[in-house]
Amino acid sequence: MAKQRGWVLAGLVALLFSLPATVRGELVELEIYRREPFAQGQSFGDTGPYVKLVGVARFALDPKNPGNRAIVDLGSAPRRPDGKVEFRADVYILAPADLGKSNGTILYDVNNRGNKLALRFFNDATSGNDPSTPADAGNGFLMRRGYILVWSGWIGELLPGEGRLLLAAPPVLENGQPVRGIARFETSTDKPAEWLPSSRRPGHGSYRPTAAGLEKAVLTWRLRESDPRVVIPREQWRVEIRPPESPPLGVPGTLPQVRLYVAGGFRPGYLYELVTEVEGAFVQGVGFAGVRDLISFLRYDTSPRNPLRLGATTAARYAYAFGVSQSGRFLRHFLYLGFNADEQGRRVFDAVWPHVAGGGLGFFNHRFAQPTRHNGQHEDHAYPGDMFPFTYGESYDPWQQRRDGLLERLCRDYPQAVPKIFHTQTAAEYWHRSGSLVHTDPLGKSDAVIPPNVRIYAFAGTQHGPGNGVLPRTMNTTSTDLPPNPTDYRPLLRALLDALDAWVKEGKEPPPSVYPRIADGTLVLPEQRATTFPALPGVRYPEVIQRPQLFDYGPDFLERGRITQEPPRPIAAYTVLVPKSDGDGNDLGMVRLPDIAVPLATYTGWNLRHRQVGAEAMLANLLGSCIPFARTASERHQLGDPRRAILERYRNFDDYREQYRRACDELVLRRFLLDEDRQRLLEKLAERQDWFRP
Numbered sequence: 076m077a078k079q080r081g082w083v084l085a086g087l088v089a090l091l092f093s094l095p096a097t098v099r100g101e102l103v104e105l106e107i108y109r110r111e112p113f114a115q116g117q118s119f120g121d122t123g124p125y126v127k128l129v130g131v132a133r134f135a136l137d138p139k140n141p142g143n144r145a146i147v148d149l150g151s152a153p154r155r156p157d158g159k160v161e162f163r164a165d166v167y168i169l170a171p172a173d174l175g176k177s178n179g180t181i182l183y184d185v186n187n188r189g190n191k192l193a194l195r196f197f198n199d200a201t202s203g204n205d206p207s208t209p210a211d212a213g214n215g216f217l218m219r220r221g222y223i224l225v226w227s228g229w230i231g232e233l234l235p236g237e238g239r240l241l242l243a244a245p246p247v248l249e250n251g252q253p254v255r256g257i258a259r260f261e262t263s264t265d266k267p268a269e270w271l272p273s274s275r276r277p278g279h280g281s282y283r284p285t286a287a288g289l290e291k292a293v294l295t296w297r298l299r300e301s302d303p304r305v306v307i308p309r310e311q312w313r314v315e316i317r318p319p320e321s322p323p324l325g326v327p328g329t330l331p332q333v334r335l336y337v338a339g340g341f342r343p344g345y346l347y348e349l350v351t352e353v354e355g356a357f358v359q360g361v362g363f364a365g366v367r368d369l370i371s372f373l374r375y376d377t378s379p380r381n382p383l384r385l386g387a388t389t390a391a392r393y394a395y396a397f398g399v400s401q402s403g404r405f406l407r408h409f410l411y412l413g414f415n416a417d418e419q420g421r422r423v424f425d426a427v428w429p430h431v432a433g434g435g436l437g438f439f440n441h442r443f444a445q446p447t448r449h450n451g452q453h454e455d456h457a458y459p460g461d462m463f464p465f466t467y468g469e470s471y472d473p474w475q476q477r478r479d480g481l482l483e484r485l486c487r488d489y490p491q492a493v494p495k496i497f498h499t500q501t502a503a504e505y506w507h508r509s510g511s512l513v514h515t516d517p518l519g520k521s522d523a524v525i526p527p528n529v530r531i532y533a534f535a536g537t538q539h540g541p542g543n544g545v546l547p548r549t550m551n552t553t554s555t556d557l558p559p560n561p562t563d564y565r566p567l568l569r570a571l572l573d574a575l576d577a578w579v580k581e582g583k584e585p586p587p588s589v590y591p592r593i594a595d596g597t598l599v600l601p602e603q604r605a606t607t608f609p610a611l612p613g614v615r616y617p618e619v620i621q622r623p624q625l626f627d628y629g630p631d632f633l634e635r636g637r638i639t640q641e642p643p644r645p646i647a648a649y650t651v652l653v654p655k656s657d658g659d660g661n662d663l664g665m666v667r668l669p670d671i672a673v674p675l676a677t678y679t680g681w682n683l684r685h686r687q688v689g690a691e692a693m694l695a696n697l698l699g700s701c702i703p704f705a706r707t708a709s710e711r712h713q714l715g716d717p718r719r720a721i722l723e724r725y726r727n728f729d730d731y732r733e734q735y736r737r738a739c740d741e742l743v744l745r746r747f748l749l750d751e752d753r754q755r756l757l758e759k760l761a762e763r764q765d766w767f768r769p
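Residue numbers 76 to 769, in our numbering, belong to the letters of the sequence shown in order.
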């Protein structure tokens, strides 16, 4: 196959890594069709240069195997003569050219909607799905540490293009035909539009509406999530379906692109919702098994077929999983379903790190799943996402009258496969992503018990994605009430990765968990009187928050993963809490970067939508805000700002720099900051001298 594609791979034993039938495990073939130097051959310290391996993995799963029974609809997929179900996924690896110089550890970066993120989050690199240049390596942190980076496709609804990693999942059949069912597609826009994808996001496909379904389909609009739905007359809208495309190499697309047209156009901020019969469901849950079996193969297979083979063993003695946002929710769900044990009961990942996942799971293992949906206060609120259980240890849901925890199944059935866990989140997760439920009971009455193998670190004054570190010079914005939060929290991630590595390999305990708690009064209800956030001139405090609800999706949802009730019926709501503020409006009870410990501004985990983008005063999805202090006392008195001015806090820039240095030193001692990042932070302070000129 690879020869037909015209690829020649010098230095590899074979183009096709085929597992014989006698070998246990379900990775059947690993075809590497591209091998080339990474970062133009740049050398990274003692590790040396890296190489890039790009290929496709083919898997086969036995629906009767206990390790696969959690996969919804696996038994309804086409089978080979031996009864197994096949699927394929893209694979991408960055490894030291000399595997003997690696640190023996896979860092598996769960792709986010097909996109690679680890190099951006750990290396401060530019974003890109085919990292090739020195700029794509950023500061080289992961390479200097010797990690073997691995990615693979796990999402079946993505469209080919822009280097997205794809999953070709098997179809779900009923009497030999594509299964049909009901689906709901919510979409919206921040600017006037004539057409919108039913999937909301570009680069995503949608299930194909049936002809009969479109005759009865209903399209509605509403301004706010809780508003009544208003039906749009059928003659005022239509659907366009574009067939799926296949790339010249890699995994083909599965779903078509479905677009919606409304006469007069879509209005900014409004929620549009199509409910229709569709067909073409696929077994999205195989994405969990694909990750499990790929990493198990790379860790435990010692044959020449393993591209990470080193002598008589494999270079991958350890494996860590890291996932950002949607990818972090994937990891929480992965743990909940027990996939950290392979088919032989061996541990897949020694450590699992969900980052900015909040309290969510995902729409990942259901019939007609839409895995890239996430629950927001305004958008996509009613999709399966922020669902019980929220905590890693056991908790009790009074609405469903059941006890459960994310690690319950692993602890019961595969205790040897329970990993060490870091859960990190920003201040934004408390407002946008039900973050408090990770460490409280579902009603927000008491702090949850955190298992000893779990650490939770919450970052004060940060938003979902890292900022650029530059304080805003103006408060004028066009899409949000306030400027976005510029805090760059990535130095914390680098230090924590070193701490996680030492925990796994040396048994050295990482820093104790740091997060706001009910018991000490740093975790409170979101109302301003409870948070004590100061009244600031020109600043609207949020009157809304993402509060997850228990929905009725129909009788087959919980046990069989099938939705028969659309829109779903709300039953009850869980209680979310947020960090309490200090007198400046900055978060308490969390890890404080020097920018927050020695502030020049108020940094929040919330922001509101601007009237120009519609749905004014709803939460601006996943964004925080920054409200700089006045520079002088006279300026703040003129503004009516209760916060002390910059030159009331610090005598001059040198005083500020000294206090900042001490804050850096404290984080280094607590193992939340590396020496190299301490130096970077101090060097960048020169950019802030203008703030100290009266």
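Glycine residues also receive a C-beta, built at the ideal position from the N, C-alpha and C atoms. None of the values given here were measured: they were computed from a predicted structure.
Worksheet item: On the premise that Phe197 lies in contact with Leu568, defined as a C-beta separation below 8 Å, what is that separation, rounded to the nearest angstrom?
Response: 6 Å
Discussion item. Rounding to the nearest angstrom, what Cα-Cα distance links Arg384 and Gly228 in this structure?
Written reply: 22 Å
Worksheet item: Around the Cβ of Ile316, are there at least 16 other Cβ atoms within 10 angstroms (buried) or fewer (exposed)?
Response: exposed
Practice prompt. Just the C-alpha distance for Gly123 and Val427, rounded to the nearest angstrom, thanks.
Written response: 27 Å
Discussion item. By the three-class DSSP mapping on this structure, what secondary structure does His514 have?
Written reply: coil
Fill in: Distance CB(Gly510)-CB(Gln359) smaller than 7 Å
no
Worksheet item: CB-CB under 8 Å to Pro517, same chain, minus the five flanking residues each way: which ones, in chain order?
Response: Phe463, Phe465, Ser470, Tyr471, Asp472, Pro473, Trp474, Tyr649 and Thr650
Worksheet item: Taking DSSP as the reference, what is the three-state secondary structure of Arg684?
Response: strand
Discussion item. Rounded to the nearest angstrom, what separates Ala200 and Gln115 at their Cα positions?
Written reply: 15 Å
Fill in: Where Lys495 falls: helix, strand or coil (DSSP)
strand
Worksheet item: Among Arg407, Tyr731, Arg421 and Val399, which one has its Cα closest to the Cα of Tyr393?
Response: Arg421
Item to complete: Tell me, please, which residues DSSP counts as bridged to Ser227.
Response: Val166
Item to complete: Rank Phe405, Pro138 and Met693 by C-alpha distance to the C-alpha of His456 and give the top, closest one.
Response: Of all alpha-carbon atoms in Phe405, Pro138 and Met693, the one lying nearest the alpha-carbon of His456 is that of Met693.
Worksheet item: What number of angstroms, rounded off, separates the C-alpha of Leu757 from the C-alpha of Arg736?
Response: 7 Å
Worksheet item: In terms of residues, what are the limits of the alpha helix (DSSP H) holding Gly540?
Response: From DSSP, Gly540 is part of no alpha helix (DSSP H); its letter is neither H nor E.
Worksheet item: Nearest to Lys176 by CA position, among Asp121, Gly215, Phe626 and Arg726, is which residue?
Response: That would be Asp121, whose Cα lies nearest to the Cα of Lys176.
Fill in: Closest residue to Arg622 among Pro642, Arg644, Asp631 and Leu652 (Cα-Cα distance)
Leu652
Item to complete: Kindly indicate the opening and closing residues of the alpha helix (DSSP H) around Pro209.
Response: Pro209 to Ala212
Worksheet item: Taking the alpha-carbon positions, what's the Ala170 to Gly213 distance?
Response: 16 Å
Worksheet item: What number of angstroms, rounded off, separates the C-alpha of Gly386 from the C-alpha of Arg374?
Response: 14 Å
Worksheet item: Of the choices Trp226, Leu406, Asp148 and Arg763, whose alpha-carbon is the least far from that of Phe443?
Response: Asp148
Fill in: Rounded separation between Arg484 and Pro319 - CA only
37 Å
Worksheet item: If you follow the beta strand (DSSP E) that Tyr125 is part of, which residue opens it and which one closes it?
Response: Its beta strand (DSSP E) spans residues Gly123 to Leu136.
Discussion item. Give me, in chain order, the residues of the same chain whose beta-carbon lies closer than 6 Å to that of Gly433; leave out the 5 immediate sequence neighbours on both sides.
Written reply: Contacts found: Glu504, Arg508, Ser509 and Gly510.
Discussion item. I'd like the list of long-range same chain contacts for Val88, defined as Cβ closer than 7 Å, with 5 residues on each side in sequence excluded.
Written reply: In this prediction, Val88 scores a pLDDT of 32, lower than 50, which makes its location untrustworthy; the coordinate-derived value is nonetheless stated afterwards. Within the same chain, Val88 has close Cβ partners Pro379.
Discussion item. Can you find the residues in the same chain that come closer than 8 Å, C-beta to C-beta, to Pro209, ignoring five residues on each side of it along the sequence?
Written reply: Sequence-distant Cβ neighbours of Pro209 in its own chain, meaning closer than 8 Å and more than five residues away, are Ala114, Gln115 and Gln117.
Worksheet entry | Ser402, enclosing alpha helix (DSSP H) - first and last residue | DSSP places Ser402 in the uninterrupted alpha helix (DSSP H) bounded by Gln401 to Tyr411.
Worksheet item: Would the segment 667-683 and the segment 556-570 be scored as touching if the rule is three or more Cβ pairs under 8 Å?
Response: yes
Worksheet item: Going by alpha carbons, who is nearest to Pro164 out of Asp157, Glu106 and Leu194?
Response: In the sequence as displayed, the identity of residue 164 is Ala instead of Pro. For the residues Asp157, Glu106 and Leu194, the minimum Cα distance to Ala164 belongs to Glu106.
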